[in-house]
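Participant:
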Amino acid sequence: MLASLPEAPAVGHSIDYTIHSPDAKNPHRRIEVHATPEELRRFEADGFLVRERLFSGEALEHLRAALDEVVEAEAKKDGFAVGTSRRFGGVFIRQLMDRHAAFHTFLDCAPMISVARAMLGPQVWIRDTVARVTYPGQPNQETEWHFHQRVVPSPLPPWFSFPHIVDALVYLDDLSDATGPICVVPGSHKRIESDLPDDDFADKPDQVALRVPAGSVVFIHGNLWHRAMPTLPHGARRRLVIAGFAPTWMKAPPHGRIAEDGLIARKIKAGGDETRELLGAQGYY
Ligand SMILES: O=C(O)CCC(=O)C(=O)O
Ligand SMILES: [Fe+2]
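Those letters in the sequence shown? Residues 100 to 384, by this note's numbering.
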């Protein structure tokens, strides 16, 4: 839906990929990357890249309204509660693209997809779309330090497939000291031999707190050490949607299964090759 596409910033450069498979659908692919080579180099080294106000106006309102609808529908179900565990406080709702078609806008979002393809390769999928909503006045509306793919062994075998993923954190509200910045440790996605314990909320000497305006996207490597600072009692509701990009051959997380005949299944059925690939239905062998 065109009205929900974000305004595209200037395209940085293009990458011509060839997929070396006689069976590949569309083996020659030109990616017009919405980032400069220098930005990608910094993203690789630091593990994060900030795009302020990628969504604005109607596009932002559309996502906000859709998320509010999804949360409202969940709130009517038995057992719904705002999570108050200090480790991961807030409401988490998985597989948003299966719950509301507004989130299918990510399937057309070149400023996000092109960055993921520039970093991960031409064949990526959005394996999950997750909401996290936190509320002022509720306890523990924060997260511990964590990273997302805790599967790296030591010693590192020569043919280990490092779990590179690009999570696009789409903030629908301003991040301030009152709503809760996101803190990241630059370069920590490469600390493969250091463990992060549970229940770690302590400041780290090299942490960077990001405060961004509503509509901004913070791209992170999924193994970047990060934590959400608390939404404080005098803050405001803070809504986040994460679009999780992975290589097409990487599995989906175990939470939030998609429905057999739901929005995603129908989109796969009706979709062309690119849509099917972005939804994980092809392009992994
Ligand atoms: O709320 C945030 O800023 C980050 C949330 C997060 O890290 C997560 O849900 O994995
Ligand atoms: Fe996270």
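The C-beta atom is built at its ideal place from N, Cα and C for all residues, glycine as well. Note that the coordinates shown come from a computational prediction; the quantities given were computed from them, not determined experimentally.
1) Which of helix, strand or coil does DSSP assign to D302?
2) Does DSSP classify L148 as helix, strand or coil?
3) Roughly how far, in whole angstroms, is the beta-carbon of Q248 from the beta-carbon of G321, given that I think they are within contact range, below 8 Å?
4) So which residues touch the region around ligand 1, with touch meaning a C-beta under 5 Å from any heavy atom?
5) Give a single yes or no on whether D372 has its beta carbon closer than 6 Å to a heavy atom of ligand 4.
6) Quick one, which of G220, N125 and K289 has its alpha-carbon nearest V251's?
7) Select from Q381, V269 and A180 the residue whose C-alpha is nearest the C-alpha of A158.
8) Tell me whether the beta-carbon of D294 lies closer than 7 Å to the beta-carbon of G343.
9) Sort P235, A327, D298 and V316 by Cα distance to A209 and report the nearest one.
10) Report buried or exposed for K366, applying the criterion of at least 16 other Cβ atoms within 10 angstroms of its Cβ.
11) How about P312 and D276: do their beta carbons lie closer than 7 Å?
12) Give the range of the beta strand (DSSP E) segment to which A308 is assigned.
13) Assuming the contact rule is C-beta atoms closer than 8 Å, M196 and L362 should be a hit. Round their C-beta distance to whole Å, please.
14) I'd like to check one pair, I225 with F205: are the Cβ atoms closer than 7 Å?
15) Alpha carbon to alpha carbon, how far is L219 from E143?
16) Between the alpha carbons of G370 and A134, how many angstroms are there, rounded?
17) Which residue's Cα is closest to the Cα of G286: F259, D299, F246 and P256?
18) Consult DSSP for R186 and reduce its assignment to one of helix, strand or coil.
19) Rounding to the nearest angstrom, what Cα-Cα distance links A351 and G334 in this structure?
20) Report yes if the CB atom of T242 is closer than 7 Å to the CB atom of A180, and no otherwise.
21) Nearest CA to the CA of P235: which residue from M211, T278, I114 and A200?
22) Check for me: the alpha helix (DSSP H) holding A230 runs from which residue to which?
23) What residue range is occupied by the uninterrupted beta strand (DSSP E) comprising A345?
24) Taking the C-alpha atoms as reference points, what is the distance between E138 and L148?
Facilitator: Inspection of the coordinates gives the following:
1) Looking up residue 302 in the sequence shown gives position 203. Judged by DSSP in its simplified three-state form, D302 adopts coil rather than helix or strand.
2) Translated into the one-based positions of the sequence shown, residue 148 becomes position 49. L148 carries a strand assignment under DSSP once its states are collapsed to helix, strand and coil.
3) Residue mapping note: residue 248 aligns to position 149 of the sequence shown, counting from 1. Residue mapping note: residue 321 aligns to position 222 of the sequence shown, counting from 1. Rounded to the nearest angstrom, the Cβ distance from Q248 to G321 is 5 Å, consistent with a contact under 8 Å.
4) Selection output, chain order preserved: R231, I281, A327 and L339.
5) In the structure shown, ligand 4 is absent; the only ligands present are ligand 1 and ligand 2.
6) For the purposes of this step, residue 251 is taken as residue 152 along the sequence shown, with counting starting at 1. The candidate whose alpha carbon is nearest that of V251 is K289.
7) As a working note, residue 158 is residue 59 in the sequence shown. Selected option, being the one with the closest Cα: V269.
8) What you label residue 294 is simply residue 195 of the sequence shown in a count that begins at 1. What you label residue 343 is simply residue 244 of the sequence shown in a count that begins at 1. No, the pair does not count as a contact, with Cβ atoms beyond the cut-off.
9) Residue mapping note: residue 209 aligns to position 110 of the sequence shown, counting from 1. Selection P235, A327, D298 and V316 evaluated against A209 yields V316 as nearest (Cα-Cα).
10) Taking the first residue of the sequence shown as 1, we reach residue 366 at position 267. It is buried - the Cβ of K366 has at least 16 other Cβ atoms within 10 Å.
11) Position 213 of the sequence shown, counted from the start, is the residue given in the question as residue 312. Position 177 of the sequence shown, counted from the start, is the residue given in the question as residue 276. For P312 and D276, no; Cβs fall outside 7 Å.
12) Walking along the sequence shown from the start, residue 308 turns up at place 209. In the DSSP annotation of this structure, the continuous segment of the beta strand (DSSP E) that includes A308 starts and ends at V307 to L309.
13) Stepping through the sequence shown from its first residue, residue 196 is reached at position 97. Stepping through the sequence shown from its first residue, residue 362 is reached at position 263. Approximately 7 Å separates the beta-carbon atoms of M196 and L362; this is inside 8 Å, confirming the contact.
14) Translated into positions along the sequence shown, residue 205 becomes position 106. Translated into positions along the sequence shown, residue 225 becomes position 126. Pairing F205 with I225 gives a Cβ-Cβ distance under 7 Å.
15) Within the sequence shown, residue 219 is the residue found at index 120, counting from 1. Within the sequence shown, residue 143 is the residue found at index 44, counting from 1. When rounded, the distance between both Cα atoms is 11 Å.
16) Residue mapping note: residue 370 aligns to position 271 of the sequence shown, counting from 1. Residue mapping note: residue 134 aligns to position 35 of the sequence shown, counting from 1. Near 27 Å, if we compare the C-alpha coordinates of A134 and G370.
17) As a first step, residue 286 must be located in the sequence shown, where it is residue number 187. Its Cα nearest to that of G286, the residue F246 stands out among F259, D299, F246 and P256.
18) On the sequence shown, residue 186 is found 87 positions in, with the first residue counted as 1. DSSP places R186 in the coil class of the three-state scheme, outside both helix and strand.
19) For the purposes of this step, residue 351 is identified with residue 252 of the sequence shown, where counting begins at 1. For the purposes of this step, residue 334 is identified with residue 235 of the sequence shown, where counting begins at 1. Taking the straight line from one Cα to the other gives about 33 Å.
20) Sequence index remark: in the sequence shown, residue 242 carries index 143 (1-based). Sequence index remark: in the sequence shown, residue 180 carries index 81 (1-based). No, the Cβ-Cβ distance between T242 and A180 is not below 7 Å.
21) Locating residue 235 in the sequence shown gives position 136, where the first residue counts as 1. The alpha carbon of P235 has as its nearest neighbour, out of M211, T278, I114 and A200, the alpha carbon of T278.
22) For the purposes of this step, residue 230 is taken as residue 131 along the sequence shown, with counting starting at 1. Annotation for A230: no alpha helix (DSSP H) segment contains it, though the beta strand (DSSP E) segment containing it runs V223 to T233.
23) Position 246 of the sequence shown holds residue 345. Its beta strand (DSSP E) spans residues R337 to P346.
24) Numbered from 1 along the sequence shown, position 39 holds the residue referred to as residue 138. Numbered from 1 along the sequence shown, position 49 holds the residue referred to as residue 148. One C-alpha to the other measures close to 8 Å.
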